[in-house]
Amino acid sequence: MKQSWYIISSAPRTLGALLLLSLITGITGCSDTSEESDSEGDERPAQPILTAEVEYDVESTFVEAIGTSRALRSVELEPSVTGEVSEVAISAGERVEQGQVLLRLDDRDERLAVELAEVELADAKRLLDRYQRSAASGGVTQSDLDAANSEVDRARIALERAKVQLDYHTIEAPFTGHVGMTDVDPGAWIGPDSVITTLDDRTTLLVRFQLPELLFGRLQAGDTIQLSTWSDRFSVAEGEIVDVDSRIDEARRTFTVRAHVDNTADNLRPGMSFRVQMTLSGNRYPKVPEISLQWGGEGAYVWIVEDGKAERVMVNIVQRSAQGVLVEADFPDNAHIVTEGVHAVREGARVRPLNAELETAQTGDES
Numbered sequence: 006m007k008q009s010w011y012i013i014s015s016a017p018r019t020l021g022a023l024l025l026l027s028l029i030t031g032i033t034g035c036s037d038t039s040e041e042s043d044s045e046g047d048e049r050p051a052q053p054i055l056t057a058e059v060e061y062d063v064e065s066t067f068v069e070a071i072g073t074s075r076a077l078r079s080v081e082l083e084p085s086v087t088g089e090v091s092e093v094a095i096s097a098g099e100r101v102e103q104g105q106v107l108l109r110l111d112d113r114d115e116r117l118a119v120e121l122a123e124v125e126l127a128d129a130k131r132l133l134d135r136y137q138r139s140a141a142s143g144g145v146t147q148s149d150l151d152a153a154n155s156e157v158d159r160a161r162i163a164l165e166r167a168k169v170q171l172d173y174h175t176i177e178a179p180f181t182g183h184v185g186m187t188d189v190d191p192g193a194w195i196g197p198d199s200v201i202t203t204l205d206d207r208t209t210l211l212v213r214f215q216l217p218e219l220l221f222g223r224l225q226a227g228d229t230i231q232l233s234t235w236s237d238r239f240s241v242a243e244g245e246i247v248d249v250d251s252r253i254d255e256a257r258r259t260f261t262v263r264a265h266v267d268n269t270a271d272n273l274r275p276g277m278s279f280r281v282q283m284t285l286s287g288n289r290y291p292k293v294p295e296i297s298l299q300w301g302g303e304g305a306y307v308w309i310v311e312d313g314k315a316e317r318v319m320v321n322i323v324q325r326s327a328q329g330v331l332v333e334a335d336f337p338d339n340a341h342i343v344t345e346g347v348h349a350v351r352e353g354a355r356v357r358p359l360n361a362e363l364e365t366a367q368t369g370d371e372s
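Residue numbers (the numbering used here): 6 to 372.
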């Protein structure tokens with residue numbers, strides 16, 4: 006008998022192995038089988054099978070989309086006033102710091118306007134000072150004193166306005182980033198509609214992509230996505246979703262998603278397109294082995310074991326994967342599905358799970 010058990014435990018767990026084990030079990034314990042058959046009033050012996058408890062898993066959907074990027078902060082620099090360019094202090098691709106001067110316009114008139122405003126403010130202050138010294142002796146009326154105060158305020162405002170106009174003639178970087186190319190040269194006459202250059206803070210890219218309407222509600226801010234460039238699809242970067250549009254495009258039946266991509270290594274560029282990939286989790290479903298699925302006139306079904314008998318349960322297939330098949334089905338609690346011996350099982354037939362016996366045989370063989 007030890008030799009027989011050795012043969013069974015070394016064989017693969019197939020239907021043939023089960024039948025061979027059933028034969029050996031019948032030889033060694035035929036009295037038990039006979040008693041079981043007599044108690045049930047059925048002359049046919051119980052069908053040997055293997056079972057597995059129903060597991061549950063979450064439906065997953067793999068999604069691909071095409072995304073377009075831009076720098077998280079990106080501007081086209083234009084002057085606020087019209088004037089002649091006196092200095093261009095940038096070159097294409099250069100990294101500049103916030104507040105760094107990029108371009109200057111001819112500001113000689115504006116500097117003179119500031120000096121004139123400073124002189125007028127000084128005069129207004131001196132006049133106010135004389136009025137205040139004379140007010141104690143009654144030489145100046147209160148109305149004259151109020152007028153002098155107002156004149157000082159007007160002169161101060163005029164000076165600030167002149168300084169603002171002077172500042173408009175110097176173009177500075179509003180934030181740290183990289184400048185693009187420029188077509189502006191010293192001596193050129195430019196105005197508010199003239200683009201001087203671009204400025205991009207590309208340490209973080211903002212990737213925008215579209216997803217179909219049926220996926221709306223399946224992702225949210227904070228979810229992670231995978232991105233790769235078309236030139237190097239094996240180089241994968243991670244992104245984090247920051248915005249999900251609240252509307253569906255009526256024409257395209259899509260919605261917009263935006264994500265941040267870390268680019269501190271400066272390997273990516275604004276305007277690049279990306280292959281966006283993500284896996285979305287869905288509802289939780291029972292998972293059954295592929296081998297357990299059977300087909301009949303009414304569709305797919307599986308066999309479960311209840312009270313020692315085989316019962317058919319109809320299922321709707323939700324998703325297939327290498328780990329099993331997700332199905333919609335009404336399984337009882339702690340249900341066990343027939344995994345091997347399914348083709349020999351019939352509705353209401355008595356079955357005999359051999360899981361415990363096979364595990365005992367394998368354990369004895371290993372020892």
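Backbone N, C-alpha and C fix where the C-beta goes; we use that ideal spot for every residue, glycine too.
For residue i and residue j, I'd like the C-alpha separation in whole angstroms.
i      : j      : result
Glu156 : Asp134 : 12 Å
Glu45  : Pro291 : Low confidence applies to Glu45: its pLDDT is 45, below 50, so where it sits in the model is not reliable, and the reading given next is rough at best. Near 32 Å, if we compare the C-alpha coordinates of Pro291 and Glu45.
Glu362 : Val350 : 19 Å
Glu81  : Leu110 : 17 Å
Val145 : Ile162 : 25 Å
Val266 : Thr203 : 20 Å
Ser233 : Leu224 : 20 Å
Asp188 : Ile71  : 32 Å
Phe336 : Arg355 : 19 Å
Arg113 : Gly276 : 40 Å
Arg100 : His174 : 22 Å
Leu150 : Ala97  : 57 Å
Ala327 : Ala366 : 29 Å
Ala118 : Leu108 : 21 Å
Asp43  : Gly329 : Here Asp43 scores only 39 on pLDDT, less than 50, and its place in the model should not be relied on; the value that follows carries that caveat. Answer to the nearest angstrom: the Cα atoms are 38 Å apart.
Tell me whether residue i is buried or exposed, calling it buried when 16 or more other Cβ atoms sit within 10 Å of its Cβ.
i      : result
Asp190 : exposed
His183 : buried
Glu448 : Since the first residue of the chain shown is 6 and the last is 372, residue 448 is not available in this structure.
Ala51  : buried
Tyr136 : buried
Thr66  : exposed
Asp205 : buried
Trp194 : exposed
Can you tell me the Cβ-Cβ gap for residue i and residue j, rounded? I've got them flagged as a contact below 8 Å.
i      : j      : result
Gln103 : Pro179 : 7 Å
Val343 : Ile54  : 5 Å
Val200 : Glu89  : Wrong, their Cβ atoms sit about 17 Å apart, outside the cutoff.
Name the residue from the options whose alpha carbon lies nearest to the alpha carbon of residue i.
i      : options                           : result
Arg207 : Phe221, Arg75 and Val307          : Arg75
Glu303 : Glu58, Ala270 and Met319          : Met319
Gly301 : Leu285, Gly287, Asn321 and Gly313 : Asn321
Ser251 : Ala242, Leu171 and Val262         : Val262
Pro358 : Arg49, Glu311 and Asp205          : Glu311
Asp248 : Gly329, Ala264 and Tyr61          : Ala264
Phe214 : Arg257, Ala57, Ala340 and Ala315  : Arg257
Arg274 : Ser79, Val59 and Gln324           : Ser79
So does residue i have its beta carbon nearer than 7 Å to some heavy atom of the ligand NAP?
i      : result
Val330 : In terms of ligand content, the structure shown is empty, and the ligand NAP therefore cannot be addressed.
task: Output the residue ranges of the alpha helix (DSSP H) runs that lie fully inside the region 295–345 and measure 4 residues or longer, sorted by chain position.
output: none
Threshold first: 3 residues or longer. Then list the beta strand (DSSP E) segments lying entirely within the region 173–226, N to C.
175–177, 182–184 and 202–217
* Write down every uninterrupted run of the alpha helix (DSSP H) in the region 107–159 whose length is 4 residues or greater and which is fully enclosed by it, in chain order. => 113–140
query: Residue ranges of each beta strand (DSSP E) run of no fewer than 3 residues wholly in the region 42–105, ordered along the chain?
result: 52–58, 60–82 and 88–93
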